[in-house]
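Novice: Supplied in structure tokens, the structure appears directly below.
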Amino acid sequence: MEKYLNEDEKELLSLIRYHRGHFDKMKETLGEMFPDDAVEVVEYLDKTEDLVWNAAKRRKTLKEAQVKHQEYERSLPRLTMCAECESGKERVPTGETKNQHGYMANCYHCEDCGADYVDGMPNNSKEQLEWYKDLEDFFKENQKDIDAMPDKQRENILSFLKGKKTIEEIYKKEQAALKRVQLADKAEEHLSKMLAQSRDYLLSIKLKNNWGDTPIGEC
Ligand SMILES: [Zn+2]
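888 is the number of the first residue of the sequence shown in the numbering used here; add one for each residue after it.
This is how it looks when you write it as structure tokens:
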């Protein structure tokens, strides 16, 4: 779990341990006489430590969910055409890389000719929309040639554009999910500020070293 802590939280935990160690010693010495305000500070240390570990746990859960989602996405078979022999089939991606157009795209292995190739189409909705835009522009520029094509060939080419609507919907959903993550980040930012204040407080009382320095029984 430690790897999900940020530097501020690590510092805060070490301050909590420092102060707790001090109070443990005080308790040993004072026993029943352990003062109420010290009990309150010990409770504050416990609560703050819980907040730190809860923040780390949330980060771990989020990270694991993201990785799982990416792995799931990567495992889905997609309809793709081999760049070497042009055999079109559903294939499971073997990885991802930038393709010749600069888009992030899936790598595939063609079982028909044995070639490994990179898909021409991007593998994420944002770049897929750019890809469709380029395709539409290309069709517009070559409208005359497309009109002159045999019906079947023209329909095949134009059917490519139908996929755009689905991608737009996926993109919208992804943007909504992103917004939810951003809101969660804001809540996290608020918590981080709170924990930074706790760290400053604990650091200031450490510097003052004002716990237990007053001899017992004296003011
Ligand atoms: Zn092939």
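By construction, the Cβ of each residue, glycine as well, lies at the ideal position given by its N, Cα and C atoms.
Does the region 975 to 990 come close enough to the region 923 to 932 to have 3 or more Cβ pairs within less than 8 Å?
Specialist: Not touching, per the Cβ criterion.
Novice: Should A1071 be counted as a contact of ligand 1 given a C-beta to heavy atom distance under 7 Å?
Specialist: No; taking the cut-off as 7 Å, the Cβ of A1071 has no heavy atom of ligand 1 nearer than that.
Novice: Whole angstroms is fine: what's the gap from D923's alpha carbon to L932's?
Specialist: Whole-angstrom Cα-Cα distance: 14 Å.
Novice: Would C969 and E983 be called neighbours here (beta carbons separated by less than 8 Å)?
Specialist: Cβ atoms of C969 and E983: not closer than 8 Å.
Novice: Can the beta-carbon of Y990 be found closer than 8 Å to that of K947?
Specialist: In this structure, K947 does not lie closer than 8 Å to Y990 by Cβ.
Novice: Identify the residues that DSSP records as bridge partners of K985: which are they?
Specialist: Its beta-bridge partners are M991.
Novice: Identify the continuous alpha helix (DSSP H) that holds K912 and give its terminal residues.
Specialist: Segment 894 to 917, the alpha helix (DSSP H) holding K912.
Novice: Is the CB-CB distance between K1051 and Y1088 below 8 Å?
Specialist: No, the pair does not count as a contact, with Cβ atoms beyond the cut-off.
Novice: Cβ-heavy atom distance between E971 and ligand 1 below 7 Å?
Specialist: Because some heavy atom of ligand 1 lies under 7 Å away, the Cβ of E971 counts as near it: yes.
Novice: State yes or no: is the C-beta of D1003 nearer than 7 Å to some heavy atom of ligand 1?
Specialist: Not so, every heavy atom of ligand 1 lies at least 7 Å from the Cβ.
Novice: Of the residues S1012, Q1015, N986, E1014, which one's Cα is nearest the Cα of Y1004?
Specialist: Taking only the C-alpha atoms, the option nearest Y1004 is N986.
Novice: What do you get for D1085, buried or exposed, if any count of 16 or more other CB atoms within 10 angstroms of its CB means buried?
Specialist: Reading off the sequence shown, one finds Ser at residue 1085, where the question assumed Asp. Its Cβ being crowded by 16 or more others within 10 Å, S1085 is buried.
Novice: Does the beta carbon of D937 fall short of 7 Å from some heavy atom of ligand 1?
Specialist: No, since every heavy atom of ligand 1 falls outside the 7 Å radius drawn around the Cβ of D937.
Novice: Counting C-beta neighbours from all protein chains within 10 Å, is the total for A1074 16 or more, i.e. buried, or is it exposed?
Specialist: Exposed, because fewer than 16 other Cβ atoms sit within 10 Å of the Cβ of A1074.
Novice: Would you give the residue range spanned by the beta strand (DSSP E) that Y1004 belongs to?
Specialist: 1003 to 1009 is the span of the beta strand (DSSP E), which, as asked, contains Y1004.
Novice: Report the residue from L902, L917, D895, E894 whose alpha carbon sits nearest the alpha carbon of L1094.
Specialist: Checking every option, the nearest Cα to that of L1094 belongs to L902.
Novice: Using only the heavy atoms of ligand 1, determine whether one of them is closer than 7 Å to the beta carbon of C997.
Specialist: Yes, Cβ of C997 sits closer than 7 Å to a heavy atom of ligand 1.
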